[in-house]
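Each residue of the sequence shown is one higher than the one before, counting from 0 in numbering that gives the first Met the number 0. We put the CB at the ideal spot given by N, CA and C, even for glycine. Read the structure below first, then the notes.
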Amino acid sequence: MNSDMTLTITQPDDWHLHVRDGDMLKLVVPHTAAVFKRAIIMPNLKPPITNAAMANAYKKRIVAAAGNQDFTPLMTLYLTDETTPNIISEAKEAGVIAAKLYPAGATTNSAAGVTDVKKIYQSLEAMQQLNMPLLVHGEVTGDVDVFDREAMYIDNILIPLVKNFPALKIVMEHITTQQAAEYVSQAGENIGATITPQHLLYNRNAILSGGIRPHYYCLPILKREQHRQALLALVGSDCNRVFLGTDSAPHSQHAKESDCGCAGCYSAYHAMPLYLEAFESVNALDKFEAFASFNGPDFYGLPRNTSKIQLQKKSWTLPESFGDAADPLVPLKAGETLQWQVKNSKEAK
Ligand code: NCD
Ligand code: ZN
Ligand code: ZN
Numbered sequence: 000m001n002s003d004m005t006l007t008i009t010q011p012d013d014w015h016l017h018v019r020d021g022d023m024l025k026l027v028v029p030h031t032a033a034v035f036k037r038a039i040i041m042p043n044l045k046p047p048i049t050n051a052a053m054a055n056a057y058k059k060r061i062v063a064a065a066g067n068q069d070f071t072p073l074m075t076l077y078l079t080d081e082t083t084p085n086i087i088s089e090a091k092e093a094g095v096i097a098a099k100l101y102p103a104g105a106t107t108n109s110a111a112g113v114t115d116v117k118k119i120y121q122s123l124e125a126m127q128q129l130n131m132p133l134l135v136h137g138e139v140t141g142d143v144d145v146f147d148r149e150a151m152y153i154d155n156i157l158i159p160l161v162k163n164f165p166a167l168k169i170v171m172e173h174i175t176t177q178q179a180a181e182y183v184s185q186a187g188e189n190i191g192a193t194i195t196p197q198h199l200l201y202n203r204n205a206i207l208s209g210g211i212r213p214h215y216y217c218l219p220i221l222k223r224e225q226h227r228q229a230l231l232a233l234v235g236s237d238c239n240r241v242f243l244g245t246d247s248a249p250h251s252q253h254a255k256e257s258d259c260g261c262a263g264c265y266s267a268y269h270a271m272p273l274y275l276e277a278f279e280s281v282n283a284l285d286k287f288e289a290f291a292s293f294n295g296p297d298f299y300g301l302p303r304n305t306s307k308i309q310l311q312k313k314s315w316t317l318p319e320s321f322g323d324a325a326d327p328l329v330p331l332k333a334g335e336t337l338q339w340q341v342k343n344s345k346e347a348k
C-alpha cells in the first residue's frame with residue numbers, strides 16, 4: 000500500500016448514531032455533519048422520543064447544531080409497551096423513518112423499552128403495512144451471560160418475529176457475533192444489519208488489557224476474536240444488507256470512568272479512519288464504499304448521495320478529548336495515531 004494513497008467515495012451516511020441533547024448535542028453533531036450527509040438518530044434520550052412531536056422538536060435541535068453544514072438527521076421513534084398503531088402512523092406521516100425496539104433494561108436509557116415483544120405486535124403490524132423499518136437492539140435481558148445475549152436473541156426473539164412479520168423490514172443494529180453475521184448473510188432481503196467500528200477493530204481483550212479500560216465498554220459488549228473475524232468476513236463479502244452504523248454513543252469522561260461506567264464508545268469524529276483501518280486489515284477497501292454509502296440507502300429505499308469525499312492514507316494523532324475541560328468527552332482510541340484521514344470535508348450548504 001502506497002503511503003499517500005487516496006480513495007474517493009460517495010458521501011457516506013451513518014445508519015446508527017446517538018447525539019444526546021443540550022451541550023453534548025452541540026459538541027457532537029458538527030463532528031458527524033462534517034463528514035456524513037445523513038444519520039439515523041437514536042431516540043434513547045431521557046425521556047425517550049416516543050411520538051412524532053418529540054421527534055420533530057428533536058430534529059430541529061439537531062439541525063440547529065449542524066449550523067451551515069449540509070446534514071439531514073433521520074428521526075426514529077422509541078417503542079414502549081404503550082406505543083399504538085396510531086402513534087406509528089402519525090410518526091410515519093411526520094417523516095419519522097423507523098422505530099427502535101429496546102428490550103427493557105438491555106442498554107443505556109432502555110428502562111422505558113418493551114418488556115415483551117408481544118405487547119407491540121399491533122404496532123409492528125402497522126409498521127409492516129406502512130413499510131416502516133424496525134430497528135432492533137438485539138440482546139435478551141435478565142439472568143443470561145452478557146456474552147450470550149445477542150445469539151440468544153436471534154434464536155428466541157428474532158427468528159419468531161421474522162416468521163410472524165415476513166414483510167417487515169428489520170435492521171439488527173450493531174451486530175457483534177458470528178451467529179448474527181451468519182443469520183444476516185443468509186436472511187431474506189428485508190433483514191439488514193449495522194456494524195460499528197469497534198466491533199470490527201477489537202475483541203474482548205481490549206476491555207481488559209493491563210487493567211479495566213472503560214472506553215472499550217459498549218453494548219453489545221465486545222466478543223471473542225472468532226466473532227470479530229466473522230464480522231470482518233461479512234463486510235468483506237458481497238452481502239449488500241450490511242451497512243455503516245457507528246453507534247457513536249457519547250458519555251462524558253466522569254460517566255465512563257466510574258465505579259459503574261456507562262456503555263458506549265465515542266467514534267463520530269473519526270469514524271472514517273477507524274472503519275478504513277478495519278477494512279484495510281482484511282484487504283477489503285474495495286467493499287468500503289458500498290458499506291458506507293450504498294447499502295444503507297438501498298435498504299431504506301432512499302436515494303444514494305451524489306456528492307463525494309476523499310479519504311487519504313496519512314497518519315495523524317487523535318485528540319485526547321473534546322469539549323468541556325472539567326468533564327470532557329474521551330473518544331475511542333484517544334490520543335492514538337490513526338492511519339487514515341478525511342482529506343476534504345464536504346462543502347457547506
Ligand atoms: C448506547 C448509548 O449509550 O446510548 N450505548 C452502547 O453501548 N451502544 C446504547 C445502545 O446503542 O445500545
Ligand atoms: Zn443498542
Ligand atoms: Zn446505539
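C-alpha distance - residue i paired with residue j, whole-angstrom precision
i, j, result
"Y216", "D22", "23 Å"
"E256", "K45", "21 Å"
"T5", "F287", "13 Å"
"S292", "P72", "16 Å"
"A105", "H250", "17 Å"
"A362", "D12", "It is not possible to answer for residue 362, since the shown part of the chain is limited to 0 through 348."
"H17", "D3", "33 Å"
"K332", "Y268", "11 Å"
"N282", "S236", "11 Å"
"A232", "V27", "31 Å"
"S314", "A325", "29 Å"
"R303", "C238", "17 Å"
"M349", "A229", "Outside the displayed span of the chain (0 to 348) sits residue 349, for which this structure offers no information."
"A65", "K36", "11 Å"
"L200", "M271", "13 Å"
"D69", "D144", "43 Å"
"L100", "L284", "32 Å"
"W14", "G210", "32 Å"
"E319", "E335", "8 Å"
"I153", "D115", "15 Å"
"V135", "V113", "11 Å"
"L207", "F321", "24 Å"
"V183", "H30", "30 Å"
"T82", "A103", "14 Å"
Cβ distance (whole Å) where residue i is taken to contact residue j below 8 Å
i, j, result
"I87", "A98", "7 Å"
"P196", "S266", "5 Å"
"A179", "E138", "About 10 Å separates the two Cβ atoms, so there is no contact after all."
"I190", "V161", "7 Å"
Minimum C-alpha distance to residue i - residue among the options
i, options, result
"P84", "N108, K45, Q127, S292", "Q127"
"K168", "A186, M131, T336", "M131"
"Q252", "D147, N67, P330", "P330"
"H173", "M41, I61, Y57", "M41"
"T176", "L207, A125, D285, R223", "R223"
"K58", "H30, T79, V95", "V95"
"A38", "S247, D3, T140, F146", "S247"
"N204", "Q178, H226, A277, G191", "H226"
"R19", "G141, S320, A54", "A54"
"C259", "A186, Q10, P213", "P213"
"A192", "L133, E276, F146, A65", "L133"
"K117", "T140, D144, T79, A111", "T79"
"C264", "A63, S306, L221, P159", "L221"
Residues of its chain near residue i, where Cβ-Cβ distance is below 8 Å and the 5 sequence neighbours each way are ignored
i, result
"M0", "Residue confidence is low: M0 scores 47 on pLDDT, short of 50, so the model does not pin down where it sits. No coordinate-derived value is stated."
"I48", "P42, A54, Y57, M74, T75, L76, Y77"
"L337", "H269, P272, L273, E276, S314, W315, T316, L317"
"D297", "N239, R303"
Contacts around residue i, its chain only, beta-carbon distance under 6 Å, and the 5 residues preceding and following it disregarded
i, result
"A347", "At A347 the pLDDT is 47, less than 50, meaning the model places this residue with poor confidence; the figure from the coordinates comes in the next sentence. Correct list, in chain order: N67."
"K342", "Q309, Q311"
"G244", "W14, H15, T193"
Residues near residue i by beta carbon distance below 7 Å, same chain, minus five either side
i, result
"N294", "N239, R240, V241, F242"
"A289", "N239"
Cutoff 8 Å: residue i Cβ touching any chain D Cβ
i, result
"T31", "Looking for chain D here will not work: only one protein chain is present."
Curious, which full-length alpha helix (DSSP H) runs of at least 4 residues does the region 66-141 contain?
84-92, 120-129
Would you list, in sequence order, the uninterrupted beta strand (DSSP E) runs of no fewer than 3 residues that lie entirely inside the region 136-173?
169-171
What ranges does the alpha helix (DSSP H) occupy inside the region 172-210, keeping only unbroken runs of at least 4 residues that lie completely in it?
Those alpha helix (DSSP H) runs which fall completely within the region 172-210 and span 4+ residues are 177-185, 196-200.
Could you tell me which whole alpha helix (DSSP H) segments of length 4 or greater appear in the region 2-32?
21-32
Which runs of the beta strand (DSSP E) spanning at least 3 residues fall entirely within the region 199-271, listed in chain order?
Listed in chain order, they are 241-243.
Which runs of the alpha helix (DSSP H), 4 residues or longer, sit entirely within the region 294-326?
294-299
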